[in-house]
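One line per chain: the protein sequences are S and W, in this order.
For the first sequence, numbering that gives the first Met the number 0 gives the first residue as 0, with consecutive numbering after it.
For the second sequence, numbering that gives the first Met the number 0 gives the first residue as 0, with consecutive numbering after it.
A virtual CB, placed ideally from N, CA and C, is assigned to each residue, including glycine.
All values derive from a computational prediction rather than experimental measurement.
The block underneath contains the structure these notes are about, expressed in structure tokens.
Number of protein chains: 2
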Amino acid sequence: MKLIDFRKTDITDGFWKKRIDTVSEVSVYNVYKRFKETGRFAALNCTWKPGDPYEPHIFWDSDIAKWIESVAFIIENRPCPDLEKVIDDVADAMEKNADEYGYFNSCYLVHDKPRWSDRTDHELYCAGHLVEAAVAYYIATGKRKLLDMMEKYLDYIYKVFLVDGSAAFKTPGHEEIELALIKLYDLTKNEKYLEMCSFFIDNRGTPNDSEYTGVAHKYSQSHIPVREQKTAEGHCVRACYLYTGMADLARITDDSELFNACKSIFDDIINKKMYITGGIGSAARGEAFTVPYDLPDLTAYSESCAALSLAWFAQRMLLIENDSKYADTIEKVLYNNGLSSVSLDGKSFFYVNPLAIRTHLLERNTSQVNTHENLPITQRKEVFDCSCCPPNITRFIASVADFLYTYDDDTVYVHQYMSSETKTDGFTISQKTDYPNSGRIEISTNNIKNLAVRIPAWCESFCIVANGESADFELEKGYAKISNLEENSIITIDFDVTPFIVYPTSKIKDYISRAAVQRGPVVYCAEGANNDFSVMSFRIDTDTEFSEEYSELYGTYTLTANGRIPVENEQLYSRKKEEMIPAKIKLIPYFAFANNGESDMEVFLHY
Amino acid sequence: MKLIDFRKTDITDGFWKKRIDTVSEVSVYNVYKRFKETGRFAALNCTWKPGDPYEPHIFWDSDIAKWIESVAFIIENRPCPDLEKVIDDVADAMEKNADEYGYFNSCYLVHDKPRWSDRTDHELYCAGHLVEAAVAYYIATGKRKLLDMMEKYLDYIYKVFLVDGSAAFKTPGHEEIELALIKLYDLTKNEKYLEMCSFFIDNRGTPNDSEYTGVAHKYSQSHIPVREQKTAEGHCVRACYLYTGMADLARITDDSELFNACKSIFDDIINKKMYITGGIGSAARGEAFTVPYDLPDLTAYSESCAALSLAWFAQRMLLIENDSKYADTIEKVLYNNGLSSVSLDGKSFFYVNPLAIRTHLLERNTSQVNTHENLPITQRKEVFDCSCCPPNITRFIASVADFLYTYDDDTVYVHQYMSSETKTDGFTISQKTDYPNSGRIEISTNNIKNLAVRIPAWCESFCIVANGESADFELEKGYAKISNLEENSIITIDFDVTPFIVYPTSKIKDYISRAAVQRGPVVYCAEGANNDFSVMSFRIDTDTEFSEEYSELYGTYTLTANGRIPVENEQLYSRKKEEMIPAKIKLIPYFAFANNGESDMEVFLHY
């Protein structure tokens, strides 16, 4: 299967157009501003010295790289000469400061630290992100400076790791370069990059891969060789970047053993370790996957970057296997944890995305001793000390059309629904839709023989009309495949988007007797700010009707549901059940929570 | 009000006789053995030097002291010459090693550390426990050596703290000495000890009380003067030892301001910060009280010593105010968190008493990175590095009759129900009962004018017969007061002990839609070991009938209740409610959990 690159698609209208506009017009500028104010751009000049403010950090180059990539994606459709100038200046600074081997890492250079001495130090991680940035910027502008520089740098890395073996470690402590090498291979077809990717993947977790000991192996997915890994383990972003690179390599080299490891890991995630929002990595300590069904809402870590990395992993899997579970997972991330990461105004970001906020417990955070666990922050910030997420979110949304289609010789697979126009060399396809607000999608095709449209896992009722007639289709792994289309065809799909209740398995201790509300792919939540009672203690009627009201602010509907709330009582424990009185609860999309001040929030309502 | 000292009561039979026997015949011996094996007794010789095993720790003297006190309590009723010999040897060692001022602290002496230099170092805490031990041992045996030694030591402490002010701090970092001074004052009537107690209490939290800064003030209840404290804060055991001393002082000095602070704090605990088991201090970090309604079951800290200290605090409050909430709280501790602290065989102990165990989450503990919070250990141990709890439990149970009665000029208050015979100078009272297994108590009195018997808060139906006739009584703050008894009277009480369901307030996030089961004062739990399904996902029918079966092992009944369990399904989230099938659940007393191997456990069942 092949991907239709987002550059071939124009998102024309609707839900995602608004998000892309906000990212392009607000977010990249605001991230730039805050990165500049916090010394991240200045760091590239490598003039920092002890005593100066804003000491360069080991992952700062990757922050800049992701920002460059975001801009490169945006300028494919809308010129931003001011930002292009910034990037050209970055390239100049890097060129000036890279050493004779092409090595560039602003943190290492100013600290004059022995390079390749510490596996945890993100050198290969930063290099990987810079490679991605260079590739994207070259494609967008044709400018080669960054690309040439990174190719030279990779020659050096090749020598250090694959020829001399002179580094203190064999594989990166923070994976990322693997998938970046594939992007460069896709561009250049230079087999050397494939060889490097294989090297880092194949050595991982083998006796060659000496560094950490004991449990820390799991933290960086180095506990066993990757082909033997069947479960998602350790630091979540590291893990999913690795799995993405593994899936890339499995596809290109037709490595079924590697693919089977990816499949098993993917299933482990979506069947045992994923939040209803598409978030992953429930443990703050280690920012990590934990044991199956350990998905607390209040202390959910669920890092923004982790959800995005899961979407990318799923996307790579879709290129090998047509199974809607991958695109369903991407959809979960898109409309929930992916979007919750950024404020509605596009200026601020969540690093951690909790699934519940209980303000009465927040005082715990203010005391060094009166806490048994810290609760996540409850408001988005414009910049973090560790600001991996903001520029990751901007590049994710700017290239969201990457998730729309894959195709092979005779079939185009439609994975996501967005108003858009796509032109490739061989065919065109466009969508008109108000999805997810409406379940109706009108797809126009030209020169497409077969069309396979994803039936979302959440959807229980749908109909498809092809060229004015009820369509014949075959259901195959979640896709309705309509064969032998006319040269120009119009396919209309209607998914029932009536709000519904979602029940988690009883295996998750936190959600027994609790349920969430969804409308299409959008998960809802209740905020204290919109309800004049404790949303935590609300009990939803599971047979409630929902009333819907369109919100311009959210770009989708808010909902109202029926239920009950307890009458206030003073006893901690009582032989009498609390008296309950009827109440209506206002629900807003989860992605929009915390845009209205600090407030209680619940995704899973008691019933 | 006056207390009837436990030494005047003989527990003759029934539930508590068995516990006292186990403590006397097994626990004190086993604690002795393990303390000896871990160098705690040898430490008193002050011959330890660097390189030797078992380095004396700052609180080891207090471990020994509580063990001595336990033995002193036990030998009131049953001679143990072997243990008395051990104590006499301890007294000899202490006498030999105490310095010219009477100072003794084995840890400080061997480390030659500047004394009174560090408020956190438990010197006054150890001294306090040694004072309690000396008092108890003197009362039991008439031997004065320990008592004389501690009186000399206190003279020195008086000089350092009250005269010279030469210590680096004003009040103890770990409170305890306050209540110990009251015990010594009760014995000696020496006003100096009352003055010392007042000094430590009055200076606490004042500008004089300089040491910690910021939040750590709360940790040791030093954030504001104690009379202004309205809520229970900080390290739980420190807090309740302080509150106990405050209540003692308030009573003796008739200090209503101090008493009102105690009342407000007590209500804060029982209305907002107490587990259904009488456990307190939900936070592992700081072993502390946290914010109201923050009472998680899985990560409950609920230290054994904390529950005991709450019972002692409540007991002191009973000496000022006849309100059954105090004795109800003591009863909660007695039958639940107090007893769960020790294994049924009397050999091993819980430091932390969780209210739920979910074995599938335990793997979290085994990894340094794959955890967001450590779960408590799930099996009792014979000795801990920090072994404050084991000898605290032994002295608590050995003196359990202290909780039975208080009296004033014309009324005896019966707070707890145990088969027992009590003789004081002025009157006698005895109970025949199989409480808590039966709700029937037959009380015989001689020369008691009025009798006030506690109607437990859990009890919804009872009757009282006095001398063969339905009794006239007045209900007053939870006590049924029967006036003008005959010189020799027999009062028979019947409490309905039918098992019932207890509903926590919806303000506790963890227990919404969950309920506990109680029979009399005994809280029940479900263990995985006794049920062939996940007890976590069981839903109890709230109108269930309970069947009862007597267990010799537990000394009380096990219960069986009706409910439903989910049919296994593989989906994390589903539009369909899980299918439920009927099931019966076996419940055992909470105090008996973890006597049957590692197993899941739940106190609060979903409904």
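About 5 Å separates the beta carbon of residue 439 of chain W from that of residue 493 of chain W, a gap short enough to meet the 8 Å contact definition. Take the alpha-carbon of residue 47 of chain S and the one of residue 41 of chain S: they are about 8 Å apart. Within the same chain, 344, 345, 346 come within 7 Å of residue 25 of chain S by CB-CB distance, once the 5 residues on both sides are set aside. Look at the segment 12-70 of chain S and you find no whole run of beta strand (DSSP E) that is 3 residues long or longer. Comparing alpha carbon positions, the residue from S:555, S:232, S:512, S:394 closest to residue 603 of chain W is S:512. For residue 201 of chain S, the enclosing alpha helix (DSSP H) stretches over residues 190-202.
At a Cβ-Cβ threshold of 8 Å, residue 403 of chain W and residue 419 of chain W count as neighbours. Closest by C-alpha distance to residue 473 of chain S, out of S:410, S:131, S:270, is S:410.
Residue 145 of chain S carries a helical assignment under DSSP once its states are collapsed to helix, strand and coil. The beta carbon of residue 576 of chain S sits closer than 8 Å to some beta carbon of chain W. Looking at the DSSP output, residue 555 of chain W bridges to W:550. The continuous stretches of alpha helix (DSSP H) do not include residue 458 of chain W, and DSSP gives it neither H nor E. Annotation: residue 324 of chain S has no Cβ neighbours in chain W at a cutoff of 8 Å; minimum Cβ distance is about 11 Å. Note on geometry: alpha-carbon atoms of residue 71 of chain W and residue 141 of chain W lie some 11 Å from one another.
Excluding the 5 residues flanking it on each side, residue 108 of chain S has same chain C-beta neighbours closer than 7 Å at 45, 96, in chain order.
In the DSSP assignment, residue 307 of chain S falls within the alpha helix (DSSP H) that extends over 303-317. For residue 521 of chain W, the enclosing beta strand (DSSP E) stretches over residues 521-526. Residue pairing of residue 8 of chain W in beta bridges, as defined by DSSP: W:421. Contact between residue 106 of chain S and residue 66 of chain S is ruled out by a C-beta separation of about 17 Å, above the 8 Å threshold. The beta-carbon separation of residue 218 of chain W and residue 127 of chain W, rounded to 19 Å, does not stay under the 8 Å limit for a contact. Assigned with DSSP and collapsed to three states, residue 186 of chain W falls in helix. Bridge partners of residue 287 of chain W according to DSSP: W:234, W:282. The closest CA to that of residue 388 of chain W, considering only W:62, W:55, W:5, W:20, is found on W:62. Residues of the same chain with a CB within less than 7 Å of the CB of residue 522 of chain W, apart from the 5 flanking positions on each side, are 275, 276, 335, 515, 589, 602 in chain order. Apart from sequence neighbours up to five positions away, the residues of its chain that approach residue 94 of chain W with a beta-carbon distance below 8 Å are 144, 148, ordered along the chain. In summary, residue 176 of chain W is buried, with 16 or more beta-carbon neighbours lying within 10 Å of its beta-carbon over all protein chains present. When C-beta atoms of the segment 476-483 of chain W are compared with those of the segment 450-457 of chain W, three or more pairs fall below 8 Å, so the two segments count as touching. Taken atom to atom, the span from the alpha-carbon of residue 470 of chain S to that of residue 445 of chain S is near 17 Å. Annotation note: the segment 342-413 of chain W contains the following uninterrupted beta strand (DSSP E) runs of length 3 or greater, listed N- to C-terminal: 404-406, 410-413.
Scanning its chain for C-beta atoms nearer than 7 Å, with the 5 sequence neighbours on each side dropped, one finds around residue 549 of chain S the residues 556, in chain order.
Restricting attention to W:194, W:112, W:241, the CA atom closest to the CA of residue 312 of chain W is found in W:241. Residue 292 of chain W has a beta carbon lying within less than 8 Å of a beta carbon in chain S. Look at the beta carbons and you see the segment 108-127 of chain S not touching the segment 81-94 of chain S: under three pairs across the two are nearer than 8 Å.
The segment 10-30 of chain S makes contact with the segment 380-397 of chain S, as at least three CB pairs between them are under 8 Å. Spatial neighbours of residue 330 of chain S in its own chain (CB-CB distance under 7 Å, excluding positions within 5 residues in sequence) are listed in chain order as 415, 455, 520. Interface annotation for the segment 508-529 of chain W against chain S: 508, 511, 512, criterion Cβ-Cβ distance under 7 Å.
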